[in-house]
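So the structure is just underneath, and the comments pick up after that.
Number of protein chains: 2
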Amino acid sequence: MKFLAAINIMPLKEILDPQGKAVTGSLKNIGLASIHNVRIGKHITLEIEAENTEHAHEQVNTACKKLLANLIMESYSFDIKPL
Amino acid sequence: MKFLAAINIMPLKEILDPQGKAVTGSLKNIGLASIHNVRIGKHITLEIEAENTEHAHEQVNTACKKLLANLIMESYSFDIKPL
Numbered sequence: 001m002k003f004l005a006a007i008n009i010m011p012l013k014e015i016l017d018p019q020g021k022a023v024t025g026s027l028k029n030i031g032l033a034s035i036h037n038v039r040i041g042k043h044i045t046l047e048i049e050a051e052n053t054e055h056a057h058e059q060v061n062t063a064c065k066k067l068l069a070n071l072i073m074e075s076y077s078f079d080i081k082p083l
Numbered sequence: 101m102k103f104l105a106a107i108n109i110m111p112l113k114e115i116l117d118p119q120g121k122a123v124t125g126s127l128k129n130i131g132l133a134s135i136h137n138v139r140i141g142k143h144i145t146l147e148i149e150a151e152n153t154e155h156a157h158e159q160v161n162t163a164c165k166k167l168l169a170n171l172i173m174e175s176y177s178f179d180i181k182p183l
């Protein structure tokens, strides 16, 4: 069975996000001063071939832990749905 | 009223995603060969001060169009919820 996973990887709240800070400043410059606290992370989509949702879940979790996210600085969450 | 917006910005389907291709290869190398078609984009969260949801929606849309997304190569979608 094929599944589609959508993963969000974000910098931890405790960690400064300089890219987000810069974007907050730029938004102010183009007249959007009511936007604050911009934080920028990664959105990853992938297709996965697995027997069932649990198995797909397990593999995506492994991918996040071993390769996609840096758990010292980032947290991740994901959704899986059948394709 | 304060709102939290979560924005996903992804490379268009027609456009090659070399970073995603590289990650697909790396996942294969660590034993996750059942994962295909990895695509990597940005996930952005921000807080916004607005009178109502429509107004917040409008401002986030402007931010995406004017600054956050490159509409020639990327598409965006977002969710807004009250904080």
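Each protein sequence line maps, in turn, to chains Z and F. Going by our numbering, 20 is the number at position 20 of the first sequence; the sequence numbering is gapless. Whatever position you read off the second sequence (first residue = 1), add 100 for our numbering. Beta carbons are placed, not taken as given, at the ideal position from N, Cα and C, and that holds for glycine. Note that the structure is predicted; figures quoted are calculated from it, not measured.
| query | result |
| --- | --- |
| Would you say Z/Ala69 lies against chain F (beta-carbon separation less than 8 angstroms)? | no |
| For F/Lys166, which three-state DSSP category applies? | helix |
| Of the choices F/Ala105, F/Asn161, F/Ile130, whose alpha-carbon is the least far from that of Z/Lys66? | F/Ile130 |
| Does DSSP classify Z/Ala56 as helix, strand or coil? | helix |
| Tell me the rounded alpha-carbon separation between F/His157 and Z/Gln19. | 22 angstroms |
| Between the Cα of Z/Arg39 and the Cα atoms of Z/Thr53, Z/Glu14, Z/Lys81, Z/Pro82, which residue gives the shortest distance? | Z/Glu14 |
| Taking only beta-carbon atoms, is F/Met101 less than 8 angstroms away from chain Z? | no |
| For F/Asp219, which residues from the same chain have a beta carbon less than 6 angstroms from its beta carbon, with the 5 sequence-adjacent residues on both sides left out? | Chain F is shown only over 101 to 183; residue 219 of chain F falls outside these bounds and no answer can be derived. |
| When you check each C-beta in the stretch 45-65 of chain Z against every C-beta of chain F, which residues fall closer than 7 angstroms? | Thr45, Leu46, Glu47, Ile48, Glu49, Ala50, Gln59, Thr62, Ala63 |
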